[in-house]
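Note that full-length UniProt numbering numbers the sequence shown so that position 791 is 791, with each residue one more than the last.
Comments concern the structure below.
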Amino acid sequence: MTDIVYPAGCRPLSEDLGTDELIRRLKTLANVLQAMGQDDGVYQQYIPLSLQLADDHFLQHPSRDVQLLVACCIADVLRVYAPEAPYKDQEQIKVIFLFFIKQLYGLKDPKDPSFKRYFYLLENLAYVKSFNMCFELEDCAEIFCQLFGMMFKIVNEEHSTKVKNFMIDIMSPLISEADNFTTDILDLILINIVEPRKSQNKYAYQLAEQLIIKTADSLETIIKMFFNQVLVLDKVDKNYEICTKVYDLIYELHLICPNILCSVLPQLECKLKSSNEQERLKAVALLARMFSEKDSQISKKHPNLLRMFFGRFCDISYSIRVKCVQSSMHFLLNQAHLREDVIQSLRARQHDSDENVRYEVVMAIVETAKREFSIVCESEELLDIVRERTLDKRFKIRKEAMLGLAFVYKKAICEPNDLSNEVKKNVEWIKNKIMHGYYMPTLEDRLQVERLLITSLVPYKMAPLERMKQLYHLMGTFDDNATKAFIELQKNQMKTRKTVLEWVKLHKTKDMTPSMQSQLNIKQAIICKLLADPLKASEFIGKFSTNMRKDPTLLRYMEIILKRDVSCKECADTMSLLLKKLGTPIMTNLYYQTVKMLVERIASVMIDKESLGILIGLIEECMRGGDIVKEIGLPADEAGEQGLKLLTALSYLFSPHFFTDKSLRHLISLLSYDNDYSAPLILKSLTHLGRYKPLISVDSAILEELAPVCKDFAVEGTPKQAKHAVRCIFVNTQAQLNGGTEHLDSPKTVHPIFHEIMDNLRLTLKPNCPQQRTKVVTMGHIAYNMPRAFAEKIKNMIARRIVKELLIQPVPEDRICKRIEGNWCDQEDLPTDTLCKLEGLKTMARWLLGLRDDEASAKKTFRMLIAFIHHGGDLLDHKRMFAAESSWFRAAAACAMLKICEQKGVGDQYTAEQYYSLAQLMCDPVPQVREMFARKLHKGLNKGLPSNCLPLDFMGFYALSGHETDKKLLELKRQFLEADVNKRREYLKTIQATNHDATEEQRLHILPDFILAFALPILVHDPHFTNHEDRSQLRQVEKCLRFILEPLMAKSETFSFSFYKNLIEMMKNHYVVTPNADSQACNLKLWACCDLANYIICSKMGQCDLTPNKTFNVPITLPPLYFQEPPPDAAGFPNTNIYIPFDTYSIITTLGTNKKVTNALKPTTSGGQSSIIKSAEKRPASDHLSSIDQNSLENASLFEAMKDETSEPVTKKVRGVMRAGKT
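Following this line, the structure appears as structure tokens:
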């Protein structure tokens, strides 16, 4: 101890000193050492003292204060003697620095009384860079690891900036001046910048962040080597945490110091090419984040890497494609210079085979629109991608695409914004696209369109004025299909409201009898089919029904919502109150969601009395050409007409809202405007209102104002004006007859204005008189609506004025008119006398429809119409007509004949010859005539089942569509046939479920499969079919038969082989009724057609189910108008001959040993008829059964798997006796 020199004022230190005394002496020594400057050889005498301080006795002293003071003294020794420390032994140096690290843990609590000395120790070590001494030690890494680990562990929110800076000053030299930087230390630093450490200790993250920024130049090489080992050489040491978080680490380093990764990012190319899907996925996810961040410049610095990244949009793995597509939103938002590349990548992926990828494409664009609307709104390509996905086969994709487009439209058109008119014009197509969604096959699509209409296209929360402007604009700019969809949507909602109202009324019954409960259950089942998932809905609608019976408030709310004249505000408020009583509005509350869906379907929140009054005012201002036209956004010359068309539609859909004195008088006042379009549309609106509630029962004064105006239109207006004027007055005067004993159209009950009109017609309707066409139209509609009121007058005027003085008059030789080239023209281009004759034909049809049962007149009229068809209107064959006039006469006469045939009674008076002649219009040489006739045929077949439509006989006309040469027209006729078949099948399902009283004969003449009995006689009398042995003619007949049979056999569940087999056998054992002299030739053609039909049926039955089908469980009776039963002693019956060439067709009567097929093919006709068909040469048909015709195998796949029908059922009403057709 005598060799140790102490500074002046310091007392010796020894091991036998007590703790308190030792602390006092160490404090004195520490103060003295702290005051010393750096050694210039002056303090050599204190080296023994320095060594004594490093003795184990002091370093391991049990007192924290002693250890802290010793550490401060040694730190000052290192400062004073720097750069040559008095400690030379490496083991001793290691112990000293480990001792320092242990003491630095005291920095953890800044509130510790000794914190100042800990801080001094930290500052001293940082200032002198004392830890650099450890570089000379072999195991310096151990010291550094403990140092770095300690620093990141103790740093916390209470540390000042100075403390953190000194920590960094200690650690940074150990990185920048290290010759061999170990991965252990790198792991200790970098693990703090990735999750979960990043979130668990954000102060450690901040310390690591600052350290990395300060030592970036030194770390760049170290990090490059580390990532090279991991990414390129794939050497992953799982002992290091950062090796399992490589991609997260790269991203965090990119955020902290992008330059540090300049040489690392290119190494990711190997990961993008990796055969390991997970590796590619991680690399793609990382690069997607880095490239797409705001203000990121990596794409410009690494173009090759960017190009490879975009290549991953076409990766074989769908999860990688999904990840790429998901990142595209951020690219679109943050990287404007890459938008074109991203859009092209999205365009490629919108048709991806994986639905998740297509879904993410839509979601990426939609989410982009929600965050930065202008990007999507101004990009036609992005909107086109979403538009295409509205037709995706998956509903969830269609749903999001529709919602996205609706959001864009609402934001651009319905809400205030600063978008240019050009941009707004570019999104106008969206409304049409949304409405076209109503044509999609599933109910979910239609429900969504209904919701989008009132939330996005015409938001119900808008003020009435703004809402009506938006509706006006919408309907004025809809295309034809969107307009039809809008009207169909409103009709379906109206039917739904009616059904639900009937259901709700049943809940008011106090005593629930079994009969009432049965009615309730039936209504409830119908309502469930109107919702998205009928099976699930059934449970919750039943629960709602129970709750309504228990809670009168719920019932009252439903009655308010279903009121025909409920206001929009009242309806919306009541909906909110009702939904609040259903529980928490969350997706898991299926009861709430189901009732909410039902209430949304029946809610009327678009139109009410207030908004309708506003709309009429807007329409009038547009008719005047006011400034409102520009505000609504319609062309000035179309705005008025479009508004009245909207009003006409609304008058049918929302009739109760029109019945205010102000609205009715305002509407009638619009008749004063001198526009060709205004009067017909307004009168049509008033007709719709009259059908709901006649004006005479509302306010007779209004009717008296309207009547003289209608008279002027009926006598001096245009044909359209006259037509609607007669209808309007007639409909609005019917209420006075309710409960009366007089007939609806007796002379005493019709409005006096009609007597004035008839007197005017009697005096003025003459050849070439002024307004002749208008008067002919007026007389036709009076005859239709009031045939008995003016029975004799009309009959005389029809015979004299229409037939004698108009229809049979030849074309004058000196007729002056514009020459018409070609065989067709627009109707208004026809000469005036021809237009009058066309209206005359319609008048004849209307007169007969009004009479209903005047069979004699009907027969005469049919003869005249057939003459017009045969001669093209030129009854006297003077050859003075233009070809286009003849075409129009054929079309008009045929359409008139179809119209008459819709009415039971007069419509059944045609002959077989007239029937066959009428059918030839399907093969008319003029395509416009064929199209007009086909449309009229389809319209007649597709309405008013079962009695107010064309009978099933006329579906046989479709057989001649096999001759059609125009592809578009052929496809149109095919659509018509399929629609008519489906309509009848749906109706049969309905009557089987609800009307068990329908007779078998009535069902037979609704069953679309029975059209084969009408098609064959038509084909037999087809002028193109003259020889039953001519192969080319047989092929054409086969084509015609296939045209009608393929839609009938398209689904196995709606096909009955036994029905067709029995029908064909029965026809083959009958004669055909023919007006021709050579009846035997016609019979041979009939039997050949039967063989052809049998061939087609057998060739298609490969996968059909031959079990009995209840729909076809009806007795077959052939119509005697077209078939005649042979005499009992007739030779050749039962008819087992084959009348078509064997080398062209193989008649299949059995398929192998299948028992059910064999049983189905057993003979069913009387007389023990064999199913083995023999030829005229008595050649056994079994010779042809050894091999199944190849065509049958090819067509076996025609039958599709049974699919669930989710279409919305249409309410059907049966009026009177069901019509069985001409039998």
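Ideal Cβ placement from N, Cα and C applies to all residues, glycine included.
None of these values were measured; they are calculated from a predicted model.
Tell me the DSSP secondary structure of residue i in three-state form.
i, result
"leucine 1185", "Here the model assigns leucine 1185 a pLDDT of 30, short of 50, so the residue's position is not dependable, and the following value carries that caveat. Coil, per DSSP."
"tyrosine 46", "helix"
"proline 1209", "For proline 1209, the predicted model reports a pLDDT of 33, less than 50, meaning its position is unreliable and no value from the coordinates is stated."
"glutamine 344", "helix"
"phenylalanine 1123", "strand"
"lysine 461", "coil"
"tyrosine 1071", "strand"
"lysine 983", "helix"
"glycine 625", "coil"
"phenylalanine 144", "helix"
"lysine 370", "helix"
"lysine 943", "coil"
"lysine 1051", "strand"
"histidine 337", "helix"
"threonine 1158", "Only weak support exists for where threonine 1158 lies, its pLDDT of 38 falling under 50; the coordinates are left without a value."
What's the call for residue i, buried or exposed, on a 16-neighbour Cβ count within 10 Å?
i, result
"arginine 371", "exposed"
"tyrosine 105", "exposed"
"serine 304", "The identity of residue 304 in the sequence shown is asparagine, whereas the question assumes serine. Exposed, because fewer than 16 other Cβ atoms sit within 10 Å of the Cβ of asparagine 304."
"isoleucine 175", "buried"
"methionine 516", "exposed"
"glycine 640", "buried"
"glycine 643", "buried"
"glutamate 15", "exposed"
"proline 113", "exposed"
"serine 669", "exposed"
"leucine 530", "buried"
Measure the alpha-carbon distance for residue i versus residue j and round it to whole angstroms.
i, j, result
"alanine 54", "proline 110", "27 angstroms"
"leucine 17", "alanine 71", "18 angstroms"
"alanine 35", "arginine 79", "11 angstroms"
"aspartate 20", "proline 12", "14 angstroms"
"leucine 1121", "tyrosine 1071", "11 angstroms"
"histidine 751", "proline 1119", "44 angstroms"
"proline 468", "leucine 618", "According to the sequence displayed, residue 468 carries methionine and not proline. C-alpha separation (whole angstroms): 8 angstroms."
"asparagine 31", "alanine 178", "33 angstroms"
"asparagine 492", "glutamine 519", "21 angstroms"
"alanine 872", "alanine 883", "First, the amino acid is wrong: residue 872 is glycine here, not alanine. Their Cα atoms are separated by approximately 9 angstroms."
"glutamate 84", "aspartate 139", "20 angstroms"
"leucine 403", "tyrosine 557", "29 angstroms"
"residue 1267", "aspartate 874", "Residue 1267 cannot be examined here, being either before or after the span of the chain that is shown, 1 to 1223."
"proline 694", "valine 726", "14 angstroms"
"isoleucine 628", "arginine 801", "48 angstroms"
"alanine 8", "leucine 69", "18 angstroms"
"phenylalanine 115", "leucine 231", "45 angstroms"
"asparagine 165", "leucine 122", "10 angstroms"
"histidine 302", "arginine 974", "58 angstroms"
So, are the CB atoms of residue i and residue j less than 7 angstroms apart?
i, j, result
"leucine 848", "threonine 861", "yes"
"aspartate 608", "histidine 688", "no"
"asparagine 1135", "asparagine 1069", "yes"
"glutamine 772", "cysteine 836", "yes"
"aspartate 392", "asparagine 432", "no"
"proline 459", "cysteine 414", "yes"
"residue 1224", "asparagine 760", "Nothing about residue 1224 can be reported from this structure: the residues present for the chain run from 1 to 1223 only."
"isoleucine 430", "leucine 405", "yes"
"leucine 664", "isoleucine 702", "yes"
"phenylalanine 331", "valine 322", "no"
"arginine 880", "valine 777", "no"
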